[in-house]
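In terms of the working numbering, the sequence shown opens at residue 3 and continues consecutively.
Note that beta-carbon positions come from the ideal geometry of N, C-alpha and C, so glycine has one too.
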Amino acid sequence: MTVPPRRELFPDPRGVGLRATWHGERELVVLSLWREDSCIGTVRLGPDEATRLATFLASHLGEQTAEQPQPPPGC
């Protein structure tokens, strides 16, 4: 029995989108670029590379959150 891959789509207002698909049976993440209904490029990441990408994103998003001004006490 084949289980469908897990997938997330990240649309872009310019008409291009990023699709991330997890292929558990191959332990592989495929990042694909889509323009409307056409795939225009892919990158395959193994678990180590996918972890490195997730760490990179979380680290830099964490920096951005830490840099945002905090509201004054009592607000």
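Exercise. Determine, using beta carbons only, whether leucine 47 and leucine 33 come nearer to each other than 8 Å.
Key: Against the sequence shown, residue 47 aligns to sequence position 45. Against the sequence shown, residue 33 aligns to sequence position 31. In contact: leucine 47 and leucine 33 (Cβ atoms closer than 8 Å).
Practice problem: Specify the secondary structure class of valine 18 as computed by DSSP and reduced to three states. | Solution: Residue numbering aside, residue 18 sits at position 16 when the sequence shown is read from its first letter. It is a strand residue.
Quiz item: How many angstroms separate the CA atom of methionine 3 from the CA atom of glutamate 27?
Solution: Stepping through the sequence shown from its first residue, residue 3 is reached at position 1. Stepping through the sequence shown from its first residue, residue 27 is reached at position 25. In this prediction, methionine 3 has a pLDDT of 47, which is less than 50 and means its spatial position is unreliable; what the coordinates show is noted afterwards. Within the model, the alpha-carbon separation for methionine 3 versus glutamate 27 is close to 11 Å.
Quiz item: Within this structure, are the beta carbons of alanine 22 and glutamate 38 separated by less than 8 Å?
Solution: Here residue 22 refers to the residue found at position 20 when the sequence shown is read from its first residue. Here residue 38 refers to the residue found at position 36 when the sequence shown is read from its first residue. Glutamate 38 is positioned such that its CB atom lies no closer than 8 Å to that of alanine 22.
Quiz prompt | Same chain, Cβ closer than 6 Å to glutamate 51, five either side skipped, listed in chain order | solution = The residue given as residue 51 occupies position 49 in the sequence shown. Excluding residues within five positions, none has a Cβ falling inside 6 Å.
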